[in-house]
Every structure is written in structure tokens, then in C-alpha cells.
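Participant: Sharing a structure here in C-alpha cells format.
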Amino acid sequence: MSRLTQILQNLYLRVEGFLSVIWNKFANVVKSFFGFFAKLLGLTESGYFLESDAAQGTKRVEPPQPIETKQNTAVETPTNRRRSNAKMDYYMNMARDMKKG
Numbered sequence: 000m001s002r003l004t005q006i007l008q009n010l011y012l013r014v015e016g017f018l019s020v021i022w023n024k025f026a027n028v029v030k031s032f033f034g035f036f037a038k039l040l041g042l043t044e045s046g047y048f049l050e051s052d053a054a055q056g057t058k059r060v061e062p063p064q065p066i067e068t069k070q071n072t073a074v075e076t077p078t079n080r081r082r083s084n085a086k087m088d089y090y091m092n093m094a095r096d097m098k099k100g
């Protein structure tokens, strides 16, 4: 059964490749046909779709400069205190006792 599947997959790929070549040639013919009329009517000029700023009478506006603000309050750094842990405290106290004695 896998041989039949392989044959169908190869057939599909070959048909797809053939049609893509045919459609590509057909698309090129259509593009050249409409491209000819676009050039004839002057639609391929770079400024056809966009008007210049002078024609519209518009002026460029610069964005406003960001305002710098200074912070008046002092920033306090939080102290890193560990949470109480009874088991850890027991071992810490035991280590201190061993160090003393």
C-alpha cells in the first residue's frame, strides 16, 4: 500500500509543478498586457500615487521635546531580611554554640 501512496504523492508533485509553470507563463502574459497600458497612461511614474508636500500646502511639524522631571523624594532601598524559619534558626544557633565551645 505504501507503494501506491508514493506513486500518488509523486504524481501530485509532478502535476503541481507542471501547472505552476503553465500558470506562471499565463500570469506573465497578463502582467505584460496590463503593464503596457500602465506605461501608456503614465501610471508607472514614482509620484503618481503620492502628492508632494508643496502641492498640498502642508508643513512638517517637529515632535515636542520630552520634558525632564526630577524626583524630589529620596529612594529608600529595602532591607533584605530573611523570613523566620524555626528549623533554620535551630541549626544556626547550634553552629554558633559549636563555634563558641
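Residue numbers (numbering that gives the first Met the number 0): 0 to 100.
We treat Cβ as the ideally placed atom computed from N, Cα and C, and that holds for glycine.
As the structure is a prediction and not an experimental result, all values here were calculated from the model.
#1: Using only the alpha-carbon positions, how far apart do Y11 and K24 sit?
#2: Helix or strand or just coil, what does DSSP make of V60?
#3: What is the residue span of the alpha helix (DSSP H) that I66 lies within?
#4: K98 to P65, Cα distance in whole Å?
#5: Between N9 and V20, what straight-line distance do the alpha-carbon atoms span, to the nearest angstrom?
Facilitator: According to the structure shown:
#1: Going by the C-alpha atoms only, they are around 20 Å apart.
#2: Correct three-state label for V60: coil.
#3: Looking at the DSSP string, I66 is not in any alpha helix (DSSP H), and its letter there is neither H nor E.
#4: Cα-Cα distance, rounded: 60 Å.
#5: The straight-line gap from Cα to Cα measures roughly 17 Å.
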